[in-house]
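K.L.:
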Ligand code: HEM
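In the UniProt record's numbering, the protein residues as written are 1 to 415.
1) Please report how far the alpha carbon of residue 284 lies from the alpha carbon of residue 276, in whole angstroms.
2) Alpha carbons only, please: which of 411, 410 and 406 is nearest the one belonging to residue 78?
3) I'd like the list of long-range same chain contacts for residue 327, defined as Cβ closer than 8 Å, with 5 residues on each side in sequence excluded.
4) For the beta strand (DSSP E) containing residue 314, name the first residue and the last one.
5) So, under 8 Å CB-CB, residue 190 and residue 98 are touching, yes? Tell me the CB distance rounded to an integer number of Å.
6) Would you decide whether residue 422 is buried or exposed? Buried here means 16 or more other CB atoms lie within 10 Å of its CB.
7) I'd like the span of the beta strand (DSSP E) that includes residue 393, first residue to last.
8) On a CA-only basis, which of 397, 305 and 291 is nearest residue 297? Give me that one, please.
9) Can you check the segment 95-138 for any alpha helix (DSSP H) of at least 4 residues that lies completely inside it and give the ranges in chain order?
10) Write down every uninterrupted run of the alpha helix (DSSP H) in the segment 359-403 whose length is 4 residues or greater and which is fully enclosed by it, in chain order.
11) Using DSSP with H/G/I as helix, E/B as strand and the rest coil, what is residue 440?
12) Would you mind giving the Cβ-Cβ distance between residue 346 and residue 233, rounded to the nearest angstrom? I have them listed as a contact below 8 Å.
13) For residue 95, I'd like the list of residues in its chain whose CB is within less than 6 Å of its CB, leaving aside the five on either flank, ordered along the chain.
14) Please state whether DSSP places residue 305 in a helix, a strand or coil.
15) Check whether the Cβ of residue 100 lies closer than 7 Å to any heavy atom of the ligand HEM, and answer yes or no.
16) If you draw a straight line from the alpha carbon of residue 262 to that of residue 362, how long is it in whole angstroms?
17) Where does residue 23 land, buried or exposed, given buried means 16+ other C-beta within 10 angstroms?
18) Hey, quick one: how far does the alpha helix (DSSP H) through residue 282 stretch, first residue to last?
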C-alpha cells in the first residue's frame, strides 16, 4: 500500500472541495483547536452531562425519534427512508448539544432545521456549476436569493442564542453561571465558546462563536446521518451481527432500573464499535477529500507529485484497497477486533480524515452513533428492503433514491 505521510498535505481551500464548501467561510482552524481544548477541559470538569446523559430523563430518547418509528410501525413493519429520518435526529441532537434547544423537528417542522437542510442542498447544487462560484452571479439567481434568506435565518437564530447567553452570563457572573449550568447539567457548546479564551486571554467575538456553531451544525449532521444509515443497512444485511450487537446492549443494561446509556457505558460496547468501524470503512460518509501538497511527494514508483498540486484523496478507494483489505467488499466487523490487531498502516482507515485537519467532532460522532444504535437496536429489528441500494457519492455518501430499510418493533424491547 502506498505509505504517505500526511505532513505534506494541507486542506485545499483554494479549490475548495465540495466538503469544505459545507464548512464555507466558517471558523478558523485556530478557533476550532481552542474549542477542542476547551471542550475536553469542560468534558473532564463536568463530563458534559447534557450529552449523552440527559438533563431530564432520557432526552436522547426523545431526540432519537424512536417514538415516531414506533408509530410508523403500528401495522407491523414499516418501510422507512433512513437518510431523511436520521438527518432529522442528528440535527435535533446537535441543536440540543450546541444550543440547548429542543427543536422537536422530528415531530413538527422547524424553520431553523428546514433552513439548514435547504442550505446543504443549495451548496451541493452550487458546487456543480462553475459559473455560480462567483458570488455576484450566484446572488442574482433564485437559488442565490434562497441561499441568502436561509443563511439569514440560521444566523439570526444563533445570534439570538448568543445574545441571550451573554446577558445571563453578565448578570450572573462566570462562577454563578457555571454553578447553575452544573446544577442543571445543561452546559452546551455555546456556553463553552462564550467562556473560551485564546492563548492571549482574548475571548471569542460573537461572529467567531456564530461561525463555530454553524460549522459544527453543518459538519456534524449529514456525515453522522450517512454513517448511521449505512450502519443500519449493514446490520440489516447481517442479522447475526445485528443480534450480537443487541445482546451486547441488553447485557450491559441488564438489572438496571432505567435504560439510560451512561457515559462510561460507551467504552463497554466493543462489538457494536467494531460494527460501526467496519461500516465506516465500507461506506465512508466523506468519500473523498482535497488536499494541497506543501512539499514534493515521492510515490513508491519514483513519480513525484509536485508541491502546490491539489490532490483528491479517495477515502473510498483507500478503504477498498485489496492489497490492504482482503475481500474489501465483504462486511466483516472482525477486521477491527482489538483482540486481533492488524498490521495495517494507520492511514489505511481514515473515515475522519487524518493529520492536523482531521475531524474535530469524531469522538462526539462515535458517542452519538453508539447511543443512537444501542437504543434503536433495543427497540427495533432492521431488515433489508427488497431493492439493493446503489451508492451515490456526493459530498457525503448517499444512496440513489434514498436508503430504504424495513423496521420492525421488538415486542420485548423495554419501553
Ligand atoms: C460519522 C460522522 C463524521 C464523519 C465521517 C466526519 C468526517 C470528517 C472529515 C473526513 C473531515 C475532514 C474534512 C476535510 O478535511 O476535507 C471532517 C472535518 C470536520 N468535522 Fe467531521 N465528521 C463526522 C462528524 C462530525 C461531527 C458530529 C461534528 C461536530 C459536532 C464534526 C465537525 C467537523 C469539523 C468542525 C470539521 C473541520 C475541522 C477542521 O477543518 O479543522 N464532524 N469531518
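The beta-carbon is built from N, C-alpha and C at its ideal position, and this holds for glycine as well.
P.N.:
For this structure:
1) As a working note, residue 284 is residue 284 in the chain shown. As a working note, residue 276 is residue 276 in the chain shown. Approximately 11 Å between the Cα atoms of the pair.
2) As a position in the chain shown, residue 78 is number 78, starting the count at 1. Considering only 411, 410 and 406, the residue with the shortest C-alpha distance to residue 78 is 406.
3) Sequence index remark: in the chain shown, residue 327 carries index 327 (1-based). Excluding residues within five positions, none has a Cβ falling inside 8 Å.
4) Numbered from 1 along the chain shown, position 314 holds the residue referred to as residue 314. First-last of the beta strand (DSSP E) with residue 314: 310-314.
5) Working through the chain shown from its first residue, we reach residue 190 at position 190. Working through the chain shown from its first residue, we reach residue 98 at position 98. That pair is a contact at about 6 Å.
6) One cannot answer for residue 422 here, as it falls past the ends of the chain, which runs 1 to 415.
7) Residue numbering aside, residue 393 sits at position 393 when the chain shown is read from its first letter. Looking at the DSSP string, the run of the beta strand (DSSP E) that includes residue 393 is 391-393.
8) For the purposes of this step, residue 297 is taken as residue 297 along the chain shown, with counting starting at 1. Ranking 397, 305 and 291 by Cα distance to residue 297 puts 305 first.
9) 111-127 and 135-138
10) 362-379
11) This structure cannot settle anything about residue 440, because the visible part of the chain is limited to 1 through 415.
12) Counted from its first residue, the chain shown places residue 346 at position 346. Counted from its first residue, the chain shown places residue 233 at position 233. Actually they do not touch by this definition, with Cβ atoms about 27 Å apart.
13) Position 95 of the chain shown, counting from 1, holds the residue named residue 95. Correct list, in chain order: 101 and 103.
14) Locating residue 305 in the chain shown gives position 305, counting from the first residue. DSSP places residue 305 in strand when its eight states are reduced to three.
15) By one-based count along the chain shown, residue 100 stands at place 100. False, no ligand heavy atom lies under 7 Å from that Cβ.
16) Counting from one through the chain shown, the residue named residue 262 turns up at place 262. Counting from one through the chain shown, the residue named residue 362 turns up at place 362. C-alpha separation (whole angstroms): 19 Å.
17) By one-based count along the chain shown, residue 23 stands at place 23. A caution first: residue 23 carries a pLDDT of 40, below 50, which makes its placement in the model too unreliable to give a value.
18) In the chain shown, counting from the first residue as 1, residue 282 sits at position 282. Element bounds for residue 282: 270-282.
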